[in-house]
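K.L.:
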Amino acid sequence: MKIRVATYNIHKGMSYRSHPRVHALKQAIGQFDADVVFLQEVQGKHDRIAEKFGSEANGHRHWPTTAQHEFFAGDERHSVYGMNAVYDHGHHGNALLSNFPIAHWTNTDISDHKYEARGILHCIIETPEQPVHCYVVHLGLFEGSRTRQTQSLIDAVRETAPDNEPVIIAGDFNDWRNTLSDTLRQALGVVEVFDEIGAHPSFGDLVRTLARRQAAVRPARTFPAALPFFRLDRIYVRGFHVETAQVLHGPAWAKLSDHSPIVATLQLN
1 MKIRVATYNI HKGMSYRSHP RVHALKQAIG QFDADVVFLQ EVQGKHDRIA EKFGSEANGH
61 RHWPTTAQHE FFAGDERHSV YGMNAVYDHG HHGNALLSNF PIAHWTNTDI SDHKYEARGI
121 LHCIIETPEQ PVHCYVVHLG LFEGSRTRQT QSLIDAVRET APDNEPVIIA GDFNDWRNTL
181 SDTLRQALGV VEVFDEIGAH PSFGDLVRTL ARRQAAVRPA RTFPAALPFF RLDRIYVRGF
241 HVETAQVLHG PAWAKLSDHS PIVATLQLN
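Residue 202 in the UniProt record's numbering sits at position 202 of the sequence shown, and the numbers go up by one each step.
#1: How big is the Cα-Cα spacing for residue 242 and residue 125?
#2: So with Cβ pairs under 8 angstroms, would you call residue 129 a contact of chain B?
#3: What three-state label does DSSP hand residue 110 in the structure shown?
#4: Could you check what DSSP says for residue 39 in three-state terms: helix, strand or coil?
#5: Pull up the distance between the alpha-carbon of residue 156 and that of residue 122, whole angstroms please.
#6: Quick check on residue 114: buried or exposed, where buried means 16 or more other Cβ atoms within 10 Å of its Cβ?
#7: For residue 137 versus residue 98, is the C-beta spacing smaller than 8 angstroms?
#8: Indicate the three-state DSSP secondary structure (helix, strand or coil) for residue 140 in the structure shown.
#9: In angstroms with no decimal places, state the Cα-to-Cα distance between residue 256 and residue 73.
#10: In three-state DSSP terms, what is residue 245?
#11: Report the rounded CA-to-CA distance for residue 159 versus residue 153, giving the unit in angstroms.
#12: In its own chain, which residues sit with a C-beta less than 7 angstroms from the C-beta of residue 227, not counting the 5 before and 5 after it?
#13: Going by DSSP, what residues sit across from residue 94 in a beta bridge?
#14: CA-CA distance, residue 40 and residue 9?
#15: Are residue 139 and residue 173 close, meaning C-beta to C-beta below 8 angstroms?
#16: Do residue 190 and residue 247 count as a contact pair if the criterion is CB distance below 8 angstroms?
#17: Taking the continuous beta strand (DSSP E) assigned at residue 172, which residues delimit it?
#18: For residue 265, which three-state DSSP category applies?
#19: Here's the rule: buried if 16 or more other CB atoms are within 10 angstroms of the residue's CB, otherwise exposed. What is residue 22?
#20: Return the residue from the list 192, 79, 92 that minimises the CA-CA distance to residue 117.
#21: Using three-state DSSP, classify residue 19 as helix, strand or coil.
#22: To the nearest angstrom, how far is it from the Cα of residue 254 to the Cα of residue 149?
#23: Taking all protein chains shown into account, decide if residue 20 is buried (16 or more other Cβ within 10 angstroms of its Cβ) or exposed.
#24: So residue 11 is in the alpha helix (DSSP H); what residue range does that whole segment cover?
#25: Indicate whether residue 167 and residue 239 have their beta-carbon atoms separated by less than 8 angstroms.
Below is the structure:
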């Protein structure tokens with residue numbers, strides 16, 4: 001059985017110039033042709049933006065009346081939202097969109113300090129073959145916080161996903177130095193989708209190959225979307241063979257969010 005998945009930090013539905021992009025994002029998410037979509041920085045509510053952009057102009061609303069995860073899901077998909085950051089005029093968090101029924105879900109607070117609200121959204125989706133555990137993740141900006149939050153993620157997966165059941169962990173890890181991947185691989189038996197597919201080799205990889213040393217394993221570059229350089233976004237899997245993985249980037253994507261999305265096709269083992 002094949003499952004196509006995507007992960008995308010949507011920057012709360014606003015472009016880097018603070019223009020609403022929710023309708024364009026819905027179309028872009030549809031272009032993924034994904035069975036399961038892992039979303040970060042999803043706006044559940046924002047009264048000020050809704051007031052500014054919510055009125056109709058030329059028969060078109062720039063800001064939907066429903067929460068973003070419900071708007072993206074429409075009538076065709078199942079959706080769940082994990083609220084993390086709460087403020088006077090609204091809240092945002094992670095979300096999962098799924099073509100498969102969502103049998104169970106929980107949202108766990110892994111905030112490391114009061115200035116960054118972070119969470120792990122765990123959903124069990126019911127595929128025709130077997131349940132799949134999906135974890136939507138958005139880790140903190142500081143390395144110490146990310147290290148502690150990664151341990152919380154490891155604990156959560158160990159407690160909720162039996163060893164014989166498949167796992168997908170995806171999101172914005174903010175791990176620009178790639179210090180967390182080895183920890184996750186060793187603790188959970190996961191692989192990052194570009195481990196098997198391989199991103200474009202660098203000059204350093206060529207040197208290592210000529211020296212008969214193993215090339216470095218690195219995720220793909222996804223940030224900033226206009227010219228991706230940092231390797232922030234990841235999809236880790238267990239119990240799957242990775243058939244394809246790609247970053248979607250270019251001028252059109254740069255107008256939607258500050259992150260580029262990753263899309264992967266998985267074969268259930």
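No residue lacks a Cβ here, since even glycine has one placed at the ideal position from N, Cα and C. Values in this document were obtained by computation on a predicted structure and should not be read as measured data.
P.N.:
Concretely, from the data shown:
#1: 19 angstroms
#2: Included in the structure is just one protein chain, with no chain B present.
#3: coil
#4: strand
#5: 9 angstroms
#6: exposed
#7: With respect to the 8 angstroms criterion, residue 137 and residue 98 are not classified as neighbours on the basis of their beta carbons.
#8: coil
#9: 18 angstroms
#10: strand
#11: 10 angstroms
#12: Result list for residue 227: empty, nothing under 7 angstroms.
#13: 82
#14: 4 angstroms
#15: yes
#16: no
#17: 167-172
#18: strand
#19: buried
#20: 92
#21: Note: residue 19 maps to coil in three-state DSSP.
#22: Each residue's alpha carbon lies about 29 angstroms from the other.
#23: buried
#24: It is not in any alpha helix (DSSP H) - residue 11 carries neither H nor E in the DSSP assignment.
#25: Contact: yes.
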